[in-house]
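Numbering (our numbering), first residue to last: -10 to 106.
Ideal Cβ positions, reconstructed from N, Cα and C, are used throughout, including at glycine.
Everything on this sheet refers to the single structure shown next.
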Ligand SMILES: [Zn+2]
């Protein structure tokens, strides 16, 4: 835990699609087939990823429920050794982009409790 904390404190910059200060997070975006909500999904690269048995890289399974409807989305994502997303199997959703998520969030603002803008 201390190591992770130090990495969080000192780990500025970096690569990938993460958030500033969130070095262990990997993000991807899915669009619900039922209601078109775009959902951001966070994966902890240290805890959530499993090595692929017959290759280099990692995969993760996630069950995702958005806030717009209660339909469950099943995702199986594949990443290469550099934690770049290389594959996506989605049930109930399609893959989306950061830009789609940004625009969905912009048109569906949610007040963040305890964190006023
Ligand atoms: Zn939905």
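In the DSSP secondary-structure assignment, residue 33 is bridged to 14. Taking all protein chains shown into account, residue 82 has 16 or more neighbouring C-beta atoms within 10 Å of its C-beta and is therefore buried. Residue 50 sits in a strand when the DSSP states are folded into three classes. About 20 Å separates the Cβ atoms of residue 50 and residue 23, ruling out a contact at the 8 Å cut-off.
Here DSSP, grouped into helix, strand and coil, assigns residue 82 to strand. With a threshold of 6 Å, the Cβ atom of residue 26 counts as near ligand 1, since some heavy atom of the ligand is closer than that. With contact defined as three or more Cβ pairs closer than 8 Å, the region 74 to 81 and the region 96 to 105 are not in contact. A straight line joining the alpha-carbon of residue 39 with that of residue 102 spans about 33 Å. Not a single heavy atom of ligand 1 lies less than 6 Å from the C-beta of residue 29.
Closest by C-alpha distance to residue 66, out of 32, 27, 10 and 13, is 32.
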